[in-house]
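A short worksheet on the structure shown next.
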Amino acid sequence: MHLMPKGEENILHVLRDCVRAKPLWLSLVPSCLQPAFFSPNLRAWLETNLRRYRTDPDGRWASIFAIGCWMLWGWRNKELFEADFMRPSNMAAPVLQFSSTSRQAISSANKFAKSSREWRWISWNKPLHEWLKLNTDGASKGNPRLAGAGGVLRDCNGRWVDGLAHNIGVSSAMVAELWGAPHRLEICLGSRA
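Residues 3 to 195, numbered by my numbering, are exactly what the sequence shown covers, in order.
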């Protein structure tokens, strides 16, 4: 289903120029800045709005702009795939609310963050000589929804020894994580034999 009556639907159309998107930007962008806002190509438009603070000096615009684009894209997809979906009549309200909530969360996190952080690369660390290392993970597409678990067994040189992948079926994320435990042991014991 195309929401655009004629022609090709592209990203810039969906996020800025479409009659379903334009009202959001008209309500958020000051009228004196609208000609410049609606004229650039996609790349220039994204770069300009993610780097510049158009509506307020404290840097909120980049967040508002990014969330606006994200919500417009989501609304457009819901219109395509959910027959009863309707965009909010005041599209700016959820964008501004989400942006404000995001900034508050980041501000709160920064207050509780350690003043001196330890930066380190996260990567696989090899086990001691003649040892094997098993890395596993489990996940679900909801809670509960379809879930799976998997893992890889590698030697001290990082070479693949064995692995597992299992479709669990409908399960929670926690159960998916725990589900592989017996199979992890079987792989380890089988590889050492």
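Beta carbons: idealized from backbone N, C-alpha and C, even for Gly.
So, helix, strand or coil for residue 18, using DSSP?
Indexing the sequence shown from 1 puts residue 18 at position 16. Three-state DSSP puts residue 18 in a helix.
Taking just the CA atoms, how far does residue 141 sit from residue 176?
Here residue 176 corresponds to residue number 174 of the sequence shown, with the count starting at 1. Here residue 141 corresponds to residue number 139 of the sequence shown, with the count starting at 1. When rounded, the distance between both Cα atoms is 8 Å.
Taking DSSP as the reference, what is the three-state secondary structure of residue 130?
Counting from 1 along the sequence shown, the entry for residue 130 is found at position 128. Correct three-state label for residue 130: coil.
I'd like to confirm the pairing. Which residues does DSSP put opposite residue 52 in its beta bridges?
By 1-based counting over the sequence shown, the position of residue 52 is 50. Partner(s): none; residue 52 has no beta bridge.
Is it right to say residue 33 is buried, meaning 16 or more other beta carbons lie within 10 angstroms of its own, or is it exposed?
Here residue 33 corresponds to residue number 31 of the sequence shown, with the count starting at 1. Answer is exposed; the Cβ neighbour count stays below 16.
Going by DSSP, name the residue or residues bridged to residue 141.
For this step, residue 141 is matched to residue 139 along the sequence shown. Answer is 150.
For residue 12, does the count of other Cβ atoms within 10 angstroms reach 16, so buried, or fall short, so exposed?
As a working note, residue 12 is residue 10 in the sequence shown. So residue 12 counts as exposed.
Among 41, 62, 49 and 52, nearest to residue 104 - alpha-carbon criterion
In the sequence shown, the residue the question calls residue 104 occupies position 102. Of the candidates 41, 62, 49 and 52, the one whose C-alpha sits nearest the C-alpha of residue 104 is 62.
Residue nearest to residue 52 in terms of C-alpha spacing, selected from 78, 40, 157 and 65
Taking the first residue of the sequence shown as 1, we reach residue 52 at position 50. Nearest of 78, 40, 157 and 65 to residue 52, Cα basis: 65.
Option nearest residue 94 by Cα separation, candidates 86, 171 and 22:
Position 92 of the sequence shown, counting from 1, holds the residue named residue 94. It is 22 whose Cα lies nearest to the Cα of residue 94.
Rounding to the nearest angstrom, what Cα-Cα distance links residue 155 and residue 75 in this structure?
Here the question's residue 155 lines up with position 153 in the sequence shown. Here the question's residue 75 lines up with position 73 in the sequence shown. Their Cα atoms are separated by approximately 40 Å.
Among 30, 120, 134 and 109, which one has its Cα closest to the Cα of residue 68?
Along the sequence shown, read from residue 1 onward, the residue named residue 68 stands at position 66. Nearest of 30, 120, 134 and 109 to residue 68, Cα basis: 30.
On the three-state DSSP scale, how would you describe residue 176?
Here residue 176 is taken as the residue at index 174 of the sequence shown, counted from 1. Helix.
Since residue 149 and residue 173 should fall inside the 8 Å C-beta cutoff, what is the C-beta to C-beta distance between them, to a whole number of angstroms?
Locating residue 149 in the sequence shown gives position 147, counting from the first residue. Locating residue 173 in the sequence shown gives position 171, counting from the first residue. Going by Cβ atoms, the distance from residue 149 to residue 173 rounds to 4 Å, so yes, they are a contact pair.
Given a cut-off of 8 Å, decide if residue 134 and residue 157 are closer than it, judged by their beta-carbon atoms.
In the sequence shown, counting from the first residue as 1, residue 157 sits at position 155. In the sequence shown, counting from the first residue as 1, residue 134 sits at position 132. Yes.
Mapping DSSP to helix, strand and coil, what is residue 123?
As a position in the sequence shown, residue 123 is number 121, starting the count at 1. Coil.
Rounded straight-line distance, which links the Cα of residue 180 to that of residue 38
Reading the sequence shown from its first residue, position 36 is the one you call residue 38. Reading the sequence shown from its first residue, position 178 is the one you call residue 180. Looking at the two C-alpha atoms, the distance is approximately 54 Å.
Run of the alpha helix (DSSP H) containing residue 39, from where it starts to where it stops
To locate residue 39, count along the sequence shown from 1; it is residue 37. Where residue 39 is concerned, the enclosing alpha helix (DSSP H) stretches over 36-39.
Go ahead and label residue 91 buried or exposed: buried means 16 or more other beta carbons lie within 10 angstroms of its beta carbon, across all protein chains shown.
As a position in the sequence shown, residue 91 is number 89, starting the count at 1. Under this definition residue 91 is an exposed residue.
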